[in-house]
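One structure below.
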Amino acid sequence: MTEQPSALKNVRIVLVQTWHPGNIGAAARAMRTMGLSQLVLVNPRRFPDEEATRMAAGGEPLLEQARVVESLEDAVSDCGIVVGLSARLRNLALPQFEEGDEMARELMSLAEEMPVALVFGRERSGLTNDEIACCTHQLSLPANPDYPILNLSQAVQVCAHELYRAWRHRRTDSGITTHEGESEREKDLPPTREQMQHFQQSLAAALQEAGFLNQPHAQTLERLQNFYRRASPTRKELSLLQGALKALRQPH
Numbered sequence: 001m002t003e004q005p006s007a008l009k010n011v012r013i014v015l016v017q018t019w020h021p022g023n024i025g026a027a028a029r030a031m032r033t034m035g036l037s038q039l040v041l042v043n044p045r046r047f048p049d050e051e052a053t054r055m056a057a058g059g060e061p062l063l064e065q066a067r068v069v070e071s072l073e074d075a076v077s078d079c080g081i082v083v084g085l086s087a088r089l090r091n092l093a094l095p096q097f098e099e100g101d102e103m104a105r106e107l108m109s110l111a112e113e114m115p116v117a118l119v120f121g122r123e124r125s126g127l128t129n130d131e132i133a134c135c136t137h138q139l140s141l142p143a144n145p146d147y148p149i150l151n152l153s154q155a156v157q158v159c160a161h162e163l164y165r166a167w168r169h170r171r172t173d174s175g176i177t178t179h180e181g182e183s184e185r186e187k188d189l190p191p192t193r194e195q196m197q198h199f200q201q202s203l204a205a206a207l208q209e210a211g212f213l214n215q216p217h218a219q220t221l222e223r224l225q226n227f228y229r230r231a232s233p234t235r236k237e238l239s240l241l242q243g244a245l246k247a248l249r250q251p252h
């Protein structure tokens with residue numbers, strides 16, 4: 001029997017278009033204190049930067065290993081759960097976590113099997129609605145309603161602490177586990193963002209070929225996407241749907 005690798009290694013912190021490089025460094029420090037190591041930066045204004053290094057104060061290894069990408073989709077395409085952080089919950093058909101500890105428990109249970117991500121927006125304006133829609137869930141950290149705005153690195157620290165606590169509790173509760181039945185467990189995992197996007201593209205193509213979609217059809221597709229988000233299909237279920245679509249599109 002062997003102990004499973006640390007689920008913390010599968011947790012990805014994604015910072016979108018961070019303006020102040022010092023906030024990147026402070027976020028790296030917050031991550032390292034809680035055992036997180038995956039930092040992904042989406043179009044940062046300045047990076048690498050001396051201010052980021054200075055504010056990291058021990059988190060420099062995370063800055064050295066940080067991955068810089070062009071889009072949020074590039075940062076999270078292989079993730080099973082992607083949680084977008086916002087000062088206020090958006091009026092989107094997207095599952096939401098009510099509390100940080102609820103989010104942490106869900107992410108840590110899945111992080112034992114596949115990558116998961118927490119996405120933080122710009123210092124002044126946060127995430128756009130399109131960026132929130134790129135996530136699978138949203139979270140607004142409970143705070144003083146008169147001033148609920150956390151600094152970027154503070155928000156990272158709060159979430160990182162919740163994740164570390166959830167990881168410790170899972171280790172205490174589960175102890176040493178084996179890898180038996182991994183293939184069966186994989187079937188029950190949620191699809192990655194990339195897998196879900198591929199299915200949605202196949203569905204749109206099939207509906208267009210059948211004449212179901214007429215221009216403009218963006219609203220219809222959005223409603224279908226919202227439906228599948230609420231349904232939360234597993235990989236096995238999504239594979240079944242893909243097979244059905246493929247069969248329907250074949251000429252008879």
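At position 84 of the sequence shown (counting the first as 1) the number is 84 in UniProt numbering, and the numbers step up by one without a gap.
The beta carbon of each residue, even a glycine, is placed where N, CA and C say it ideally should be.
- Message: The alpha helix (DSSP H) that contains I13, what's its start and end?
- Response: For the purposes of this step, residue 13 is taken as the residue at position 13 of the sequence shown. No alpha helix (DSSP H) contains I13, which is instead part of the beta strand (DSSP E) from V11 to V16.
- Cβ pair V76, C159 closer than 9 angstroms: Position 76 of the sequence shown holds residue 76. Position 159 of the sequence shown holds residue 159. No; because the gap between Cβ atoms is not below 9 angstroms, this pair is not in contact.
- Query: Would you call E194 buried or exposed, if buried means 16 or more other Cβ atoms sit within 10 Å of its Cβ?
  - Reply: Numbered from its first residue, the sequence shown carries residue 194 at position 194. Its Cβ having fewer than 16 others within 10 Å, E194 is exposed.
- Task: Identify whether L92 lies in helix, strand or coil by the three-state DSSP scheme.
- Result: Your numbering for residue 92 matches position 92 in the sequence shown. L92: coil per DSSP, three-state reduction.
- Excluding the five sequence neighbours on either side, which residues of its own chain have a C-beta within less than 7 angstroms of the C-beta of V69, listed in chain order? In the sequence shown, the residue the question calls residue 69 occupies position 69. Counting only Cβ-Cβ distances below 7 angstroms, and skipping sequence neighbours, we find V40, V42 and A75.
- Touch test, the stretch 245-252 against the stretch 111-118, Cβ-Cβ under 8 angstroms, three pairs minimum: no
- Item | Burial state of P21, where buried means 16 or more other Cβ atoms lie within 10 Å | Translated into the one-based positions of the sequence shown, residue 21 becomes position 21. Taking a 10 Å sphere around the C-beta of P21, we find 16 or more other C-beta atoms and assign the residue as buried.
- Taking the CB atoms as reference points, tell me whether Q138 and G84 lie closer together than 9 angstroms. Working through the sequence shown from its first residue, we reach residue 138 at position 138. Working through the sequence shown from its first residue, we reach residue 84 at position 84. Result yes, Cβ atoms of Q138 and G84 sit closer than 9 angstroms.
- Message: Which of the three DSSP states is assigned to Q138 in this structure?
- Response: Taking the sequence shown and counting its residues from 1, the one referred to as residue 138 is at position 138. The answer is strand: DSSP assigns Q138 an E or B state.
- Please go through the same chain and pick out, in chain order, the residues whose beta-carbon is closer than 8 angstroms to the beta-carbon of M196, but skip the five residues on each side of it. Start at 1 with the first residue of the sequence shown, and residue 196 comes out as number 196. Taken in chain order, the residues that qualify are Y228 and L238.
- Task: Can you have a look at T2 and say buried or exposed, based on whether 16 or more other CB atoms are within 10 angstroms of its CB?
- Result: What you label residue 2 is simply residue 2 of the sequence shown in a count that begins at 1. Note on T2: pLDDT 38, under 50, position unreliable in the model; the coordinate value appears next. Answer is exposed; the Cβ neighbour count stays below 16.
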